Structures are given as structure tokens and as C-alpha cells.
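All you need for our numbering is the position in the sequence shown, starting with 1, plus 424.
Note that beta-carbon positions come from the ideal geometry of N, C-alpha and C, so glycine has one too.
Just so you know, these numbers come straight off a predicted model, no measurement behind them.
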Amino acid sequence: MWIEPMFDATGNIPSAIQKANINFLGAYDQCLEVHAQIPAGVVLGNITKNTSREFDTRYCRVSIPIPDSLLKKMNANTHGVKLTVTWGVCVSKECHSSDVKGLFDIDNIQAS
Numbered sequence: 425m426w427i428e429p430m431f432d433a434t435g436n437i438p439s440a441i442q443k444a445n446i447n448f449l450g451a452y453d454q455c456l457e458v459h460a461q462i463p464a465g466v467v468l469g470n471i472t473k474n475t476s477r478e479f480d481t482r483y484c485r486v487s488i489p490i491p492d493s494l495l496k497k498m499n500a501n502t503h504g505v506k507l508t509v510t511w512g513v514c515v516s517k518e519c520h521s522s523d524v525k526g527l528f529d530i531d532n533i534q535a536s
């Protein structure tokens, strides 16, 4: 099955994120080795695929600036340094940067 290697190649949240371990790089080579084959009749989400499909994957590195409002909520003192989370993701080769950006739309996260 192709989904497990894709998911495994995507960066995972490591330990010590409270100590600024905010680079979730994943596995570049493992991602590029994935060749997905989706047979007809498979249900993805709530959609049944009528035809079979194949695709290759690519590795994307996403940089996500951490909003000052979130840092303030966490009582984090960065001494003026802007923090950015780096996350490696394994996606279909057909994905564009806007598709990947949509997965990490931090504008919807609000500190309250």
C-alpha cells in the first residue's frame, strides 16, 4: 500500500518542541521512492474512484511562521527572534505550492 510510506516520509512532530525543536523534516529519499496505484472501486474520503490511477510523489518543505499572538499565548520569550516551523511533506507530484500551503493554513489558528 502506498499511503503508509507517504505518511511515514512526512515529518513527524518530535520531542522537545517546547525547547524550540521545530524542524519536522521527514524522509526525502523515502518520499521519492513512492509510486502510488489506486485501483478502481477504492473509496477515498467519501468518493468512490471509478477508474484506476497512478501517481508519483514529491517532497515539499513548508516554512510556517509562528504568529506572535501564539507565542504570547504560550508565554514564549524568543528575544525578538522570529520562529518558523519547517515541515517536510510527501505529496502527489501533481500538487502545487498552493495545495500544500492549504494543508498548513495557519491563519485559521487563533490564540484566545
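- A buried status is given to Gly512, since no fewer than 16 other beta-carbon atoms sit within 10 Å of its beta-carbon.
- Going by DSSP, Gly512 is part of no alpha helix (DSSP H) but of the beta strand (DSSP E) stretching over Thr508 to Ser516.
- Using a C-beta cut-off of 8 Å, the region 451-469 makes contact with the region 477-491, since at least three inter-stretch Cβ pairs fall below that distance.
- Contact fails between the region 516-526 and the region 449-459, because fewer than three Cβ pairs, one in each stretch, are under 8 Å apart.
- In terms of CA proximity to Gly526, Ile488 leads the group Lys497, Lys506 and Ile488.
- Val509 sits close to Ile490, with the two beta carbons spaced by under 8 Å.
- By the Cβ-count criterion, Gly435 is buried, with 16 or more other Cβ atoms from all chains shown falling within 10 Å of its own Cβ.
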